[in-house]
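Trainee: Numbering (the working numbering), first residue to last: 236 to 592.
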Ligand SMILES: Nc1nc2c(ncn2[C@@H]2O[C@H](COP(=O)(O)OP(=O)(O)OP(=O)(O)O)[C@@H](O)[C@H]2O)c(=O)[nH]1
Ligand SMILES: [Mg+2]
Ligand SMILES: [Zn+2]
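(1) According to DSSP, is residue 590 part of a helix, a strand, or is it coil?
(2) What first and last residue would you give for the beta strand (DSSP E) that runs through residue 462?
(3) Should residue 519 be listed as close to ligand 2, given that the test is whether its C-beta is under 7 angstroms from any heavy atom?
(4) For my contact list, residue 452 and residue 481 are in at a C-beta cut-off of 8 angstroms; report their separation, rounded to the angstrom.
(5) Measure the alpha-carbon distance for residue 375 versus residue 290 and round it to whole angstroms.
(6) Any idea what DSSP makes of residue 347, helix, strand or coil?
(7) Classify residue 578 as buried or exposed, calling it buried when 16 or more other Cβ atoms lie within 10 Å of its own Cβ.
(8) Does the structure place the stretch 353-364 close enough to the stretch 373-389 that three or more beta carbon pairs sit under 8 angstroms?
(9) When DSSP builds the beta bridges, which residues end up paired with residue 315?
(10) Any heavy atom of ligand 1 closer than 7 angstroms to the Cβ of residue 503?
(11) Alpha carbons only, please: which of 414, 371 and 421 is nearest the one belonging to residue 403?
(12) Please tell me whether, using a cut-off of 7 angstroms, the distance from the CB of residue 475 to the nearest non-hydrogen atom of ligand 2 is below it.
(13) Can you give the Cα-Cα distance for residue 318 and residue 352, rounded to whole angstroms?
(14) Would you mind stating whether residue 463 and residue 514 have Cβ atoms separated by less than 8 angstroms?
(15) Determine which residues share a DSSP beta bridge with residue 375 and list them.
(16) So, for residue 549: in the same chain, excluding its five sequence neighbours on each side, which residues have a beta-carbon less than 7 angstroms away from its beta-carbon?
(17) Any idea which residues DSSP pairs residue 440 with across the strands?
(18) Does any CB atom of chain D fall closer than 8 angstroms to the CB of residue 360?
(19) Is any heavy atom of ligand 3 found at a distance shorter than 7 angstroms from the C-beta of residue 557?
(20) To which residues does DSSP link residue 338 through a beta bridge?
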């Protein structure tokens, strides 16, 4: 077939309209509806909104994620098991967590309850896998504060892990609170408080608790009241024990100290959203060993790592990363002893972990 000739043949002629009265322009709003419909269809196809929006969806909040497509949800006063709508089953390589404890969801209750929509999250406390792909693991969502739980001893206080939590929380606009538990095991309290004083100096809240003696529990309760908090930290730090102490009827499983020296004991195995009887919610989480941040946040590190931004005014270069540069305010402070070497080394370790390709 000769395409050129065809084109010529079918070329449209300009149509002139005369003697035709055009009615009320409102008749043409059909066009805009079509546009909207098209946009909506696109969103449905992308899985951003449900195609069942004509159904009555009810709002609930995820208490626990049981498997990839099953979770326990609270709706009103009821707890129910829910599945996830089919469109969530599309593979997403960026995240391991389709839903997380704390998510608000819209549920189709016309049959077996099915989650159809995840309400946009206010924030997430997320860590990222160590490998190149940096897959997101959501610890909890829609929370006000993270109680970074560390024990003074058994297991040993790990300030490097605390630093990583602080950075992750700040990146996500979540207030970090440091809780140093098991202070009954400390020989001297001065020794413990010295460790916390660095963080307090840089505006962070630090509380010292003991489930054994009850110290600090009242202060912790005050802090938790009417807020949504997540308890996170090393396995065995005493997260579940603290929660039980605050509200004994929750009866969370905790491990005996003797058990806990065995390798790989994780007593809490799934994150769970629970309700305080004094107001607010909490998420108890399984212990973690390491907390990976995302490489995309590398630039923010020097702004959010405790105490660095105030020293940066003394750096020669405005974009100083306080690592290899000369005439660096942070390095000077480390040299003259006004900034602790151990925290500077922790900063460098995190910086390096975000630099590897
Ligand atoms: N001496 C002392 N022991 C404590 C304290 N708090 C908790 N423990 C003990 O520490 C052990 C671990 O406590 P858990 O509450 O199970 O720790 P967890 O942080 O929930 O651990 P995972 O669920 O594995 O992440 C238990 O044997 C507790 O009795 C404390 O303040 N002092
Ligand atoms: Mg636990
Ligand atoms: Zn510098």
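Just so you know, even glycine gets a beta-carbon here, dropped at the ideal spot from N, CA and C. Just so you know, these numbers come straight off a predicted model, no measurement behind them.
Mentor: In this structure, then:
(1) Three-state result, residue 590: coil.
(2) Segment 462-468, the beta strand (DSSP E) holding residue 462.
(3) Distances from the CB of residue 519 to the heavy atoms of ligand 2 include at least one below 7 angstroms.
(4) The Cβ separation is near 7 angstroms, so the contact holds.
(5) If you take the alpha carbons of residue 375 and residue 290, they lie about 28 angstroms apart.
(6) Residue state, collapsed to three classes: coil.
(7) Buried, since its Cβ has 16 or more Cβ neighbours within 10 Å.
(8) Yes, the stretch 373-389 is in contact with the stretch 353-364.
(9) Residue 315 is bridged to 308.
(10) Residue 503 has its Cβ nearer than 7 angstroms to a heavy atom of ligand 1.
(11) Of the candidates 414, 371 and 421, the residue whose Cα lies closest to the Cα of residue 403 is 371.
(12) Within the cutoff, so yes.
(13) Going by the C-alpha atoms only, they are around 12 angstroms apart.
(14) Contact flag unset, no.
(15) Beta-bridge pairing links residue 375 to 360.
(16) Only residues of its own chain outside the window of five on either side were considered, and among them 564 and 567 have a CB closer than 7 angstroms to the CB of residue 549, listed in chain order.
(17) Residue 440 pairs with 412.
(18) Note that chain D does not occur in the displayed structure, where there is just one protein chain.
(19) At least one heavy atom of ligand 3 is nearer than 7 angstroms to the Cβ of residue 557, so yes.
(20) Residue pairing by DSSP places residue 338 in no beta bridge whatsoever.
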